[in-house]
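Taking this note's numbering, the leading residue of the sequence shown gets 389, the next gets one more, and so forth.
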Amino acid sequence: MRNVHIRACLAFAWMLLAMLLASGVQAQDRYRVRHLVSSDGAGNTLVNPELIDPWGLAFDPYGFAYVAAPGSRKVLRLDGMGNPQAPSISTWVSGLGETAPVGIVFNGSANFATRNADGVTGPSRMLITTEDGGLHGWNPDVDPGHATRVYKSNAFPILMGAALSGCCGRQLLYAAPPTWRTIVFETNYRRNPMPEGAFYDPQIAQDFYGPYNVQAIAGNLYVAYAQRTLSRRIGPGFGSVVVFSPTGVLIRRIATGGALSSPWGLAMTPADFGAYSNKLLVGNTGDGRINVYDPTTGQHLGALQDANGQTIVIDGLHALQFGNGVANQPVNTLFFTAGPANGARGVYGRIDLIR
389 MRNVHIRACL AFAWMLLAML LASGVQAQDR YRVRHLVSSD GAGNTLVNPE
439 LIDPWGLAFD PYGFAYVAAP GSRKVLRLDG MGNPQAPSIS TWVSGLGETA
489 PVGIVFNGSA NFATRNADGV TGPSRMLITT EDGGLHGWNP DVDPGHATRV
539 YKSNAFPILM GAALSGCCGR QLLYAAPPTW RTIVFETNYR RNPMPEGAFY
589 DPQIAQDFYG PYNVQAIAGN LYVAYAQRTL SRRIGPGFGS VVVFSPTGVL
639 IRRIATGGAL SSPWGLAMTP ADFGAYSNKL LVGNTGDGRI NVYDPTTGQH
689 LGALQDANGQ TIVIDGLHAL QFGNGVANQP VNTLFFTAGP ANGARGVYGR
739 IDLIR
């Protein structure tokens, strides 16, 4: 009888565990949020007065994080603990001065040349979109303190996110103008005439919603949509995330509405991120939550939670990126940018799995 009782208890325990797993309740999916540096030192962080309303975030694979802060019109270089690395970078336009950087992506190829005033050229190591609809290229050997404008069109009053991918044996640069569809550039910064219907989702009302950010993941382009705007800042509301091929063919729709609220941050988790390993993270600017989706089915799996089991909410949340494995930037640590108080302040931080 005792053995029967033990077997019954074990069976019940296994059944309970299965029910918990099915419901998405996981003991290990708790994460620690740390604000590393802020514009005003709030929360006992490091202080960097140039970190005003940071948006775009990109990692040099062999170096530091690059943070685009349109509030100060600077791109900052930071290590994994928030320490500044000289110099900060200005997105400079001759005769106009500094513009406001928003999106940023690392380029490791020999393409996308930039040039300084003396005619020295080199491949842009960082490609930067700006709030006035421009593209800038930066190379530390060409001009360490300035990124040079390489493209400007009055057709796009603002460019948000940027991503690199390619097809047909050539590299392509993708940018997100909230007033249009995702646009594509060749390595000489000429617009690529995509096929008719490229980067089009018939279920999104194009008159009201536009691409807010674009992120290359495993070669495909993940586009986050929000309400069309002439400003980088959008309040809470509609959201959609759609996956396209590099030629703009619709692959799948991850989600529309539901938990999304003006999404901007997009990141695929690594294999060592607890219960949410190998999942798609989508950060909302509208409510500061980081939602988790199955990247194949689009199933909503919940939102990241803190040590107390409460949903993590980051005021003014923008970019999400995992580290590169150097400079105190672990590959399974999620780094983020945020512009609290409606962009009047700035925060750069990290989110780590609690083991």
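Quick reminder that beta carbons are idealized off the backbone N, C-alpha and C, glycines included. From a predicted model like this one, the values you see are computed outputs, not experimental measurements.
query                                                                                                                                                                                      : result
Would you mind reading off the limits of the beta strand (DSSP E) that contains P728?                                                                                                      : P728 -> not in any beta strand (DSSP E); alpha helix (DSSP H) instead, spanning P728 to G731.
Runs of 4 residues minimum, wholly inside the region 499 to 566: which ones carry the alpha helix (DSSP H) assignment?                                                                     : none
Could you pull out every residue in the same chain whose Cβ sits closer than 6 angstroms to the Cβ of I739, ignoring the five residues on either side in sequence?                         : Y419, V421 and L722
What residue from P442, S427 and P458 has the CA that sits closest to L708's CA?                                                                                                           : P442
With a 10 Å radius around its C-beta and 16 neighbouring C-beta atoms as the bar for buried, classify L692 as buried or exposed.                                                           : buried
Per DSSP, what kind of secondary structure is G697 in: helix, strand or coil?                                                                                                              : coil
Taking the straight line between their C-alpha atoms, what separation do you get for P566 and I702?                                                                                        : 23 angstroms
Could you pull out every residue in the same chain whose Cβ sits closer than 6 angstroms to the Cβ of R537, ignoring the five residues on either side in sequence?                         : V481, G522 and H524
Residues bridged to M656 by DSSP?                                                                                                                                                          : L668
Can you tell which of Q615, A715 and T699 has the C-alpha that lies nearest to the C-alpha of W652?                                                                                        : Q615
Is it true that the CB of N499 sits closer than 8 angstroms to the CB of Q594?                                                                                                             : no
Tell me, please, which residues DSSP counts as bridged to L609.                                                                                                                            : A604 and F632
For S497 and P511, I'd like the C-alpha separation in whole angstroms.                                                                                                                     : 7 angstroms
Less than 8 angstroms between the CB atoms is what I'm expecting for Q603 and Y613, so what's the real figure, rounded?                                                                    : With 8 angstroms as the limit, Q603 and Y613 do not qualify as a contact, their Cβ atoms being about 13 angstroms apart.
Whole angstroms are fine: how far does the CA of R733 sit from the CA of N679?                                                                                                             : 24 angstroms
Does any CB atom of chain E fall closer than 8 angstroms to the CB of G549?                                                                                                                : Judged by its chain identifiers, the structure shown contains no chain E, having just a single protein chain.
Relative to the C-alpha of R578, which residue among F626, N471, A501 and I639 is closest?                                                                                                 : A501
Keeping to the same chain, check which residues put their C-beta closer than 8 angstroms to that of Y597; ignore five residues upstream and five downstream.                               : Y613, A614, Q615, R616, F626 and S628
Pull up the distance between the alpha-carbon of W568 and that of F587, whole angstroms please.                                                                                            : 10 angstroms
Only counting the same chain, and skipping five residues up and downstream in sequence, which positions put a Cβ closer than 7 angstroms to that of Y736?                                  : L424, V425, L439, P442, V455, L466, G470 and T725
Which residue comes first and which comes last in the beta strand (DSSP E) that contains A586?                                                                                             : Element bounds for A586: n/a, residue is neither H nor E.
If F494 sits next to F452, beta carbons under 8 angstroms apart, how far is it from one beta carbon to the other, in whole angstroms?                                                      : At roughly 11 angstroms, the Cβ-Cβ gap does not stay under 8 angstroms, so F494 and F452 are not in contact.
Pick helix, strand or coil for G737, following the three-state DSSP scheme.                                                                                                                : strand
Can you check whether the CB of Y600 is closer than 8 angstroms to the CB of M548?                                                                                                         : yes
Please list, in chain order, all residues of the same chain as S460 whose beta carbon is under 6 angstroms from its beta carbon, the five residues on each side excluded.                  : E438 and I440
Rounded to whole angstroms, what's the CA-CA distance from I642 to T684? Just pull it up for me.                                                                                           : 8 angstroms
Measure from the alpha carbon of A663 to the alpha carbon of each residue in A564, T433, T644 and N720, then state which is nearest.                                                       : N720
Tell me whether G598 counts as near the ligand HEM, meaning its Cβ is closer than 7 angstroms to at least one heavy atom of that ligand.                                                   : As presented, the structure is devoid of all ligands, the ligand HEM included, so that no description of it is given.
Report the option in A659, N716, D694 and A564 whose CA atom is closest to the CA atom of D520.                                                                                            : A564
Let's test the definition: count the other Cβ atoms within 10 Å of the Cβ of N542 and tell me whether it reaches 16, buried, or not, exposed.                                              : exposed
Check the DSSP bridge columns for T721 and list the partner residues they point to.                                                                                                        : The partner list for T721 (beta bridge, DSSP) is empty, contrary to what the question assumes.
Round the Cβ separation of T673 and L648 to the nearest angstrom and send it over; I've been treating them as touching at under 8 angstroms.                                               : Not confirmed; about 10 angstroms, so no contact.
Taking the straight line between their C-alpha atoms, what separation do you get for S427 and T433?                                                                                        : 9 angstroms
Let me know the secondary structure DSSP gives G690 once reduced to three states.                                                                                                          : strand
Might you give, ordered along the chain, the residues of its own chain that have their beta carbon closer than 7 angstroms to the beta carbon of V508, omitting 5 neighbours on each side? : V530
How would you write the range of the beta strand (DSSP E) that Q473 sits in, first residue to last?                                                                                        : Careful: Q473 lies outside any beta strand (DSSP E) and carries neither H nor E.
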